[in-house]
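Chemist:
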Amino acid sequence: MEFRVLGPVGIWRDERFVSIVGQKQRTLLAVLVLNANRVVSHDRLLVALWGSAVPASGRRLLHNHLWSLRRLLGDIAALASSPAGYALQLPAGSSDLDVFDTKVEQARTALSAGDAAQAAERFREALSLWRGPALAGTHPEFQLTEGPGLEERRVVTLTERIDVDLALGGNSELIAELRRFVAENPLHEKFRGQLMLALYREGRAAEALEEYRIVHRHFRNELGLEPGEDLARLHQAILSADPSLDPEPRRLEVPVAPRSLPIPRQLPSDIARFTGRKDNLRQLDLMLSTGKGGVPAMVITSIAGTAGIGKTALATHWGHRVAGLFPDGQLYVNLRGYSQGQPVAAAQALHRLLRGLGVAVEEIPQEVDERETLYRSLLADRRVLVVLDNAASPDQVRPLLPGSPSCKVIITSRDSLRGLWVTHDVRGMTLDVLSADEARDLLVAILGTERVRGEAEALSQLARLCGHLPLALRLAAAHLTGQPSLSVDDMVARLRDENPLVALDIGEDPHSGVRAAFELSYRALPETARRVFRLMGFHPGPDIGVDAVLVLAGLPSSEGRAAIDRLVAAHLIQRGEVGRLAMHDLVRVYARDRSELDDRTVDRRDALSRLFDWYLYTADGAMNLFDPGRLSMLTDTPSEYGLKKTFDRPEAATSWLDEEYLSLVSMISYCALQGWHDHAWKTARTLSRFFYLRDRIDDWITTHRISLVATQELDDLHGEAEVLGSLGYAYIFVGNYDDYLELQQRALSLRRATGDRRGEAKALRDIGYGLIRTGRPGEAIEICEQSLVIERALGERPDGQGALYHLAIAYLQVGRFEEAAESLQECRSYVRKEDSRHKDAYILLYQGDAYLRLGKVEAALKCHMEALQIGREMENPRLEADAINNLGRDHGWNGFHAKAIEYHERALVQVRELRDRELECEILCDLSRAFLVSGDPLEALKHCWSALRLATDLRYVYFQGRAHQRVAEAMEVLGEKEDLKIHLEKALAVFAPMGVPEADTVAERLATL
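Heads up: the sequence shown begins at 17 in my numbering, then just goes up one per residue.
Dropping the structure here:
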């Protein structure tokens, strides 16, 4: 399958075009292809599809478009979902854009190796992939946002290809092509200069000069400007018939007039075995293009990032790669902004730069202003790359910036240098750590394939323990290289068992280590920022919100935010989506080490207690809005007055829970292990409903197992019973009914031991629910009736989780449909008063089922549509899938079998993403029935076999019977009478002990055989 975005957006499969219906489908595919193998956030997808006019129902509509795209792709795994968004997983070469980038990279590599003919061929192959304006057929705003960047890459590649062709002597063939480009882009100086040079070399100097007169007139009349220095210099060279204009084999430099000054080549040596950074190299390549409308501009690119991220390596590698495009040289100065000594002053830096330009020491002025003037004058008519490495501040850099548009500047710094953006046109680039693949590739490149043979897994672990940080990776490789007997596994064990910063240090060169690099950044901070940094190192989550940092540090908003901004600017922390703040793993270790040295233990523990209070009480408040009518676990107030975040609407509460989810889960484990036992179990129990509604069953089980130990450490029987009951429910969703019932029995014993009648009623109805799921509805009715007696004695109202609700489910199973419908209606009347929407939704699902069994199809449809709407509004995918499947059942009952199949298939796709095997089993049974009644017994048999396997694995008793029944029905249509009887007998063996109405149906059919 080939994905195309360099022209009309589309898919080719088996050399045939696959039709993509609708602008939004094409836009969705395009944005995923442009970001292949990277997660694209929901918000970014919404903006791509609707621009600035995202509808209120945008997320639901987006989900529908994604579902349609999955069907089109045919491979569910290709489009991966995560809490952060979606990623299209594409192998190398699957998109025309990836092939284009690869060809361009190959061309530039060939050019660096001196093979111009090979470079020209690869450039042509790359450009041939363009079939018109990129992203054609997508949303107009998306084209306006993403299209220009792609077009700029095409134009840069085109100019490079023409430079190569000129060097190879293909002047006559180029003239017609260049005239067309100039007509389309009359202000593009690069094309105009190439046309002038081609004409001159063909002996048509007069025409070349006429081209200059034309562009000169364009610039004066339309822009009020003169053409750029490069074009003016070329014009003068043509007038004087400068010999340097004559072609030189494989020479790509722009011809310039001879000079007496030397050509500086000051770049440090290219780093050995440079790996990755393809996207960053492409961004740097854009420096080679002209400014807006073809007008040249002095381009400044700032490369920022934390210590050891590879800023200098990237700048010098790119500089060597394009050195041929800067014929007047490359200047380099290390400004020592983050070094052991003092930063280099502007006067010193200018002295070095002027010496590099050939100015004698005695001719260098004493005053800084005069040095600046001379520096800029010398560069005014030259094409030079200037690399200003390791800058400390904007003020250090400003005097070193050329004034000529023919020069390009790269600045590297640990600081973002935001002040420079105010006074100059700066293109910013912030480096992240390497990807997992790039990190492994770097280790292999340094160590050699023989050294790492058979240690692939250990190599991946080593890369991960180094945090994919280039400096850490190279230090680890240096240890391995210096100690041939040390295996990769040994190095992994050392990093796990020791402080990784110590393990990575090289004793004979302490200043080259990761710790030393971080120390330089830390020392440059003011004290408040240092303290915030140290405390952030102990935050248990992968990232942290600004509000949480303010609570942790105990700072007012203005002071705390200023400290955060300083840490972000220093790249000791990174600002991610929705304002979250993240810290690299090794930086976190350094922050903790500093805290151990600089902070008292009691102060640090007080700060963390304050933070954990804030998380617990804020989560409780958020859950009160997210799940109205819930019983809070908290009976006291925060340790500090008002220490919790409040929400004015459910959407804000839900958003906070989603944003803080990973932090809350990490906090539970941390608290349980570090002695905050009360915080651990109460936070876990507070989030139990959220775990369920967000399909985080693994986290539900893990946090509650840890919390159970915490309650036992506290000898808190009430807390233990709460955790046991909640943990039991989590086990249901992995098909573990035995443990579910055991845990509920243990909870019941604790409730009775402590005299907790309300808790006893809850434990009884929970046991009743487990009996329903294990095919014992008769016993469940007895247990739930006991619970109902206690609830009524306590004055409890029926709701979506009480005894009456569970009784209704049991009534449904045993065929008491009227009683089920009435009980559910009573529950619903109370739930609506509580405004508990998710409880209402599940009552609606069962109520619709009861109505369908009573033949009230329209009432069933209404219930299921309302449940679906609630599921979408709450962004609850499991509820959505359940409702969609029920709608399929409703349509099948009405005889709309094709529609029923469509609903069931949609539900199946969605539930497989969720890995909810029980619901998948139910859907497969319903889907097999729909295929059977529509006349496709083979497709029906395929699905009911799958359902039977799932039901057997899960020990889902009732659906084992249903699956056997469906297999029997398919066998009957296929004329397999022996198999028909076998599966009817197996179905009856399940249904008869349960006392469900299906037992009579199956028995009657068996009697006729």
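Where is the CB? At the ideal position from N, CA and C, for every residue including glycine.
1. What did DSSP end up calling Lys849 once you bin it into helix, strand or coil?
2. Buried or exposed for Leu194, going by 16 or more other Cβ atoms inside 10 Å?
3. Kindly indicate which residue of Leu22, Leu709 and Thr328 has the alpha-carbon position closest to the one of Arg888.
4. Answer with buried or exposed for Gln841, where buried requires no fewer than 16 other C-beta atoms within 10 angstroms of its C-beta.
5. Just the Cα atoms here: how many angstroms apart are Tyr785 and Leu970?
6. Just to confirm my understanding: we take Phe534, look at its own chain, exclude 5 residues before and 5 after, and list those with CB closer than 7 Å. What are they?
7. Alpha helix (DSSP H) containing Ser188: first to last residue?
8. Please report whether the beta-carbon of Arg626 lies at a distance below 9 Å from any beta-carbon of chain D.
9. Let's test the definition: count the other Cβ atoms within 10 Å of the Cβ of Trp692 and tell me whether it reaches 16, buried, or not, exposed.
10. With distances taken between CB atoms, is the gap from Val438 to Pro418 smaller than 9 Å?
11. Assign Asn515 to one of three DSSP states: helix, strand, or coil.
12. If you drop the 5 nearest sequence neighbours on each side, which residues of the same chain put their C-beta closer than 7 Å to that of Arg138?
13. Would you report the Cα separation of Ala876 and Pro71, rounded to the nearest angstrom?
14. Judging by CA-CA distance, which residue of Ala362, Leu935 and Ala956 is the nearest neighbour of His913?
15. What residues in its chain sit with their C-beta under 6 Å from that of Gln829, if we drop five residues either side in the sequence?
16. Taking buried to mean at least 16 other C-beta atoms within 10 Å of its own C-beta, is Gly741 buried or exposed?
17. Just mark Gln105 as buried or exposed, buried being the case when its beta carbon has 16 or more other beta carbons within 10 Å.
18. Can you look up Met445 in the DSSP assignment and give me helix, strand or coil?
19. Excluding the five sequence neighbours on either side, which residues of its own chain have a C-beta within less than 6 Å of the C-beta of Ala796, listed in chain order?
20. Enumerated in chain order, which unbroken segments of the beta strand (DSSP E) with a length of 3 residues or greater are wholly contained in the stretch 345 to 398?
21. What does the Cβ neighbour count give for Asp295, buried or exposed, with the cut at 16 atoms within 10 Å?
22. DSSP state of Gln590, grouped into three classes?
23. For the putative contact between Leu703 and Ala777, defined by C-beta atoms under 8 Å, what is the C-beta separation to the nearest angstrom?
24. Going by DSSP in three states, Tyr972 sits in which element: helix, strand or coil?
25. To the nearest angstrom, how far is it from the Cα of Arg978 to the Cα of Gly811?
26. Tell me, which residues are paired with Ser97 by DSSP?
27. For Ile717, report the span of its alpha helix (DSSP H) as first-last.
28. Pair every Cβ in the stretch 392 to 407 with every Cβ in the stretch 336 to 353, then say whether three or more of these pairs are closer than 8 Å.
29. Among Leu884, Glu891 and Gly908, which one has its Cα closest to the Cα of Asp898?
30. Using a Cβ-Cβ cutoff of less than 7 Å, which residues in the same chain neighbour Ala214 once the five nearest sequence positions on both sides are dropped?
31. Kindly indicate the opening and closing residues of the beta strand (DSSP E) around Asp1042.
32. In the stretch 746 to 833, which residue ranges form an unbroken alpha helix (DSSP H) of at least 4 residues, counting only runs that do not cross its ends?
33. Buried or exposed for Trp630, going by 16 or more other Cβ atoms inside 10 Å?
34. Whole beta strand (DSSP E) runs in the stretch 606 to 634 with 3 or more residues, listed along the chain?
35. Identify, in the order they occur along the chain, each residue of the same chain with its Cβ nearer than 6 Å to the Cβ of Ala46, setting aside the five sequence neighbours on each side.
36. Decide if the stretch 584 to 600 is in contact with the stretch 709 to 722; the criterion is three or more beta carbon pairs, one per stretch, under 8 Å apart.
Modeler: With the given structure in hand:
1. helix
2. buried
3. Leu709
4. exposed
5. 16 Å
6. Ala323, Val603 and Tyr606
7. Asn187 to Glu200
8. Looking at the structure shown, chain D is missing, and only one protein chain is on hand.
9. buried
10. no
11. coil
12. Lys119, Gln122, Ala123 and Ala126
13. 29 Å
14. Ala956
15. Pro793 and Val1012
16. buried
17. exposed
18. strand
19. Gly784, Leu787, Ile788 and Ala826
20. 346 to 350
21. exposed
22. strand
23. Actually they are not in contact, since the Cβ atoms of Leu703 and Ala777 sit about 23 Å apart, beyond 8 Å.
24. coil
25. 39 Å
26. Tyr102
27. Ile713 to Leu730
28. yes
29. Leu884
30. Leu182, Asn187, Leu190, Ile191 and Leu194
31. This structure leaves residue 1042 out entirely; the chain is present only between 17 and 1025.
32. 753 to 769, 773 to 789, 793 to 809 and 819 to 829
33. buried
34. none
35. Val21, Val25, Leu151 and Thr154
36. no
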